[in-house]
Every structure is written in C-alpha cells, then in structure tokens.
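Take 36 as the starting number for the sequence shown in the working numbering and just add one per residue.
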Amino acid sequence: MFRIWGKLIKRNKILEEKVIEIDNSTLTENEKIQTALKTFCHDFDLENPMWFDKNTRELSQISKTTFREDHFIESIWFDYLELEIIDDGKKKA
C-alpha cells in the first residue's frame, strides 16, 4: 500500500489534510505520486501545481516536498502544499 499525506499549511498550522492510499501495483512510484497530487488538488479545490526538479530531489532525499506560490499560476490563500510519503509500500528489513 502506497500512502501519501497532503497538507495545506498557513503560518505553520495545518488548515486541511488528507491521506491518499493507492493500492495499484501496476503504477510506478512517480505515477502514484502524480495520481495522489491530482486527487489532493481536486479535493482541496486547487489547480495542479508545476512540478520542478526540486520536488523530485526532495522526494527522493527526504520523502517530502512542498509547493509554494511560485508553483501555482493563480495566487494561493495558504503558504504551501506539502506532500509526504508515509508508506512507500516496500517491505522494511
């Protein structure tokens, strides 16, 4: 089971949050992340943010990434959207 936690944050407070579970072994990890991001944006009534190399680096290094105002075309009412992989579906040793 692949689980991602999405949070809308303003002034260091969580305004909205949701955990998305994806149980589709045919999807790659990147496809699962993109699917979850689209679901978060739909549920939080946001446009899809632009994905930069920074996001890929952060996810691979610390399993977490943020989307700030410069990731969105329209202005946003929160400080940032944070995605965190909380279970990548891999067996722990």
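Think of the CB as a built atom: it goes at the ideal place given N, C-alpha and C, for glycine as much as any other residue.
Can you give me the start and stop residues for the alpha helix (DSSP H) that Asp88 sits inside?
On the sequence shown, position 53 is the one that residue 88 refers to. Judged by DSSP secondary structure, Asp88 falls within the alpha helix (DSSP H) whose first and last residues are 88-97.
Check whether the segment 67-78 and the segment 102-119 are in contact - that is, three or more C-beta pairs closer than 8 angstroms.
These segments touch.
Under 9 angstroms between the Cβ atoms of Ala71 and Ile49?
To locate residue 71, count along the sequence shown from 1; it is residue 36. To locate residue 49, count along the sequence shown from 1; it is residue 14. Cβ atoms of Ala71 and Ile49: not closer than 9 angstroms.
Could you give the C-beta distance for Ile108 and Glu82, rounded to a whole number, given that I count them as a contact under 8 angstroms?
In the sequence shown, counting from the first residue as 1, residue 108 sits at position 73. In the sequence shown, counting from the first residue as 1, residue 82 sits at position 47. Contact between Ile108 and Glu82 holds: their C-beta atoms lie close to 6 angstroms from each other, under 8 angstroms.
Alpha carbon to alpha carbon, how far is Ser110 from Asp58? Give it in angstroms, no decimals.
Sequence index remark: in the sequence shown, residue 58 carries index 23 (1-based). Sequence index remark: in the sequence shown, residue 110 carries index 75 (1-based). Each residue's CA atom was taken as its position, placing Asp58 and Ser110 some 33 angstroms apart.
With a 10 Å radius around its C-beta and 16 neighbouring C-beta atoms as the bar for buried, classify Lys45 as buried or exposed.
As a working mapping, residue 45 is identified with position 10 in the sequence shown. It is exposed - the Cβ of Lys45 has fewer than 16 other Cβ atoms within 10 Å.
So, at 6 angstroms on beta carbons, what are the nonlocal neighbours of Glu104 in its own chain, with the 5 sequence-adjacent residues on each side left out?
For the purposes of this step, residue 104 is taken as the residue at position 69 of the sequence shown. Shown here for Glu104: same chain residues with a beta carbon closer than 6 angstroms to its own, the five before and five after excluded, namely Ile111 in chain order.
Please report the Cβ distance between Ile39 and Ile120, rounded to the nearest whole angstrom; I am assuming they are in contact, meaning their Cβ atoms lie under 8 angstroms.
By 1-based counting over the sequence shown, the position of residue 39 is 4. By 1-based counting over the sequence shown, the position of residue 120 is 85. About 6 angstroms separates the two Cβ atoms, so the contact holds.
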